[in-house]
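Quick notes on the structure that follows.
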Amino acid sequence: MDLPLAVLFLLLPVAALSGWFIGRRRGGGGGEDCPPGVNPEYLRGLSYLLEDRTDKAIDLFTRMLEVDSETVELHLALGSLFRRRGEVDRAIRIHQNLIARPTLTRPQREQALYELGLDHMRAGLFDRAEELFGELGERGDWSLAALRQLRAIYEQEKEWDNAIRAARKLMNAGESDLGPVVAQYHCELAEIDRAAGRGREAERHLRQALGFDRHCVRASLIEADMALAAEAWRSAIKAGRRVADQDPEFLAEALPRLRRAYEAMGRPLEILHWLREVEEGQGRAAPLMAMVDLMERQQGPDQAALFLRNRLTERPSLRGLERYVALTRERAEPGEQRDLEPVYTILERMVADQPLYQCTHCGFRGRVLHWQCPSCKHWTTVKPGAEAAA
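Residue numbers are given in the UniProt record's numbering: position 347 of the sequence shown equals residue 347, and the series is strictly consecutive.
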């Protein structure tokens, strides 16, 4: 096990004795048992380290710390080491013993409280961690770090109102990049209100979400869903079309909503014209595939296949090729269909192997859209896969 760099620096006084210690062992002893002013227990601990008996060395140094009140930094470093190793009970004991010392300075006490809060978080004791971070978040040098941990706790516990308050305090302190995250918190609340039939409250949260992040695709999609449920077709179209400007990669998510609204209004051709403008301006697969589907229904498979073939010569894509072969196979003679079948099967498998969604931060791949990555916990980093959106 590797000791953290901080611990190694703090043990330099011990390491400085290693030459004397090794020389003494090689010389077979003799002379005084220990250099003047050096605690013999240090040498014992050093012996454990040299023999790669790290656990025993740490236990010994911890016992020494309980006696030596001048080694606050080493207390903190060892507690952190235990927590990283998963020995949370030992970390808690070290930090609690440290906090109990009346001689600690205010900054030392605040740091010890913060470390104890991290111990409780690691142990899953969120109530205790919240209490400690709440105390620290009001003042002192560790207030911002404590607020960050509070926000993480509130996220995990799905206490979205509290998460918003913690995030806004951080934003007021200068962390301006949290706007999109706060927008997601408001979207979470909007989803809850919508499910409970509190439409006005949901709309209020959506407005706030867009206020914090005008590129919040999720808010527009929820707004479109609510408008569709109320048969407010124009509002649904407005919200759905907004997605193309917010983040074109998510246009595929808005298209089913837009199709439903346009068809309900008896104006299916309008979405085709709009999609053509978007596709020509952005060159993405999502509007192209939507146009092909609409053209197949409205103008027949021959026209759809011809249009797609022309587009593929300009901007080839695996998903587009798979769709073209599918259209061609449907119109082919029985013999030609048999020839196309293995080609289509291979393309179909290749498309199926492509992730529908992928996190741009950690690389997580999935078949379901997550607004918060299940792996790295970052918000708004999961995007439609390249073949679906590019």
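The beta carbon of each residue, even a glycine, is placed where N, CA and C say it ideally should be. Keep in mind that this is a model prediction, so the values were computed, not measured.
What residue range does the alpha helix (DSSP H) around V343 cover?
V343 -> alpha helix (DSSP H) spans P334 to D353.
By DSSP, does K158 sit in helix, in strand, or in coil?
Coil, per DSSP.
From the DSSP secondary-structure annotation, give me the bridge partner or partners of Y357.
In DSSP, Y357 forms a bridge with G366 and P384.
Who are the near neighbours of I92 in its chain, counting only those whose CB is closer than 6 Å to its CB and skipping five residues on each side?
These residues qualify, in order along the chain: D119.
What residues match up with Q184 in a beta bridge as DSSP calls it?
In the DSSP output, where bridge partners are listed per residue, Q184 has none listed.
Between the alpha carbons of I99 and E175, how many angstroms are there, rounded?
Spanning the two alpha carbons is a distance of roughly 30 Å.
Among E231, I237, Q208 and F212, which one has its Cα closest to the Cα of L221?
Among E231, I237, Q208 and F212, the Cα nearest to that of L221 belongs to I237.
Which residue marks the beginning of the alpha helix (DSSP H) containing M291, and which one marks its end?
Counting along the chain, the alpha helix (DSSP H) containing M291 begins and ends at A285 to Q299.
Should the stretch 181 to 198 be called in touch with the stretch 337 to 350, which here means at least 3 C-beta pairs below 8 Å?
Because the criterion of three Cβ pairs below 8 Å is not met, the stretch 181 to 198 and the stretch 337 to 350 do not touch.
Indicate the three-state DSSP secondary structure (helix, strand or coil) for W142 in the structure shown.
In the structure shown, W142 sits in coil (DSSP, three-state: anything other than H, G, I, E or B).
In whole angstroms, what separates the C-alpha of E203 from that of L321?
Cα to Cα, the separation comes out at about 41 Å.
Tell me the DSSP secondary structure of W233 in three-state form.
Of the three classes helix, strand and coil, the one that applies to W233 here is helix, per DSSP.
Which of the three DSSP states is assigned to W274 in this structure?
Three-state DSSP puts W274 in a helix.
Going by alpha carbons, who is nearest to V217 out of R44, Y48, P40 and T380?
Of the candidates R44, Y48, P40 and T380, the one whose C-alpha sits nearest the C-alpha of V217 is T380.
Would R331 and Y344 be called neighbours here (beta carbons separated by less than 9 Å)?
Not in contact: R331 and Y344 (Cβ atoms no closer than 9 Å).
Expressed to the nearest angstrom, what Euclidean distance is found between the alpha-carbon atoms of L255 and D225?
Each residue's alpha carbon lies about 12 Å from the other.
Starting from the Cα of A326, find the closest Cα among D302, E73 and E157 and give me that residue.
Minimum Cα distance to A326 is reached at D302.
Here's the rule I'm using: 16 or more other beta-carbon atoms within 10 Å means buried, otherwise exposed. How should D127 be labelled?
Result: exposed.
If we call anything under 9 Å between Cβ atoms a contact, is R315 one with L288?
In contact: R315 and L288 (Cβ atoms closer than 9 Å).
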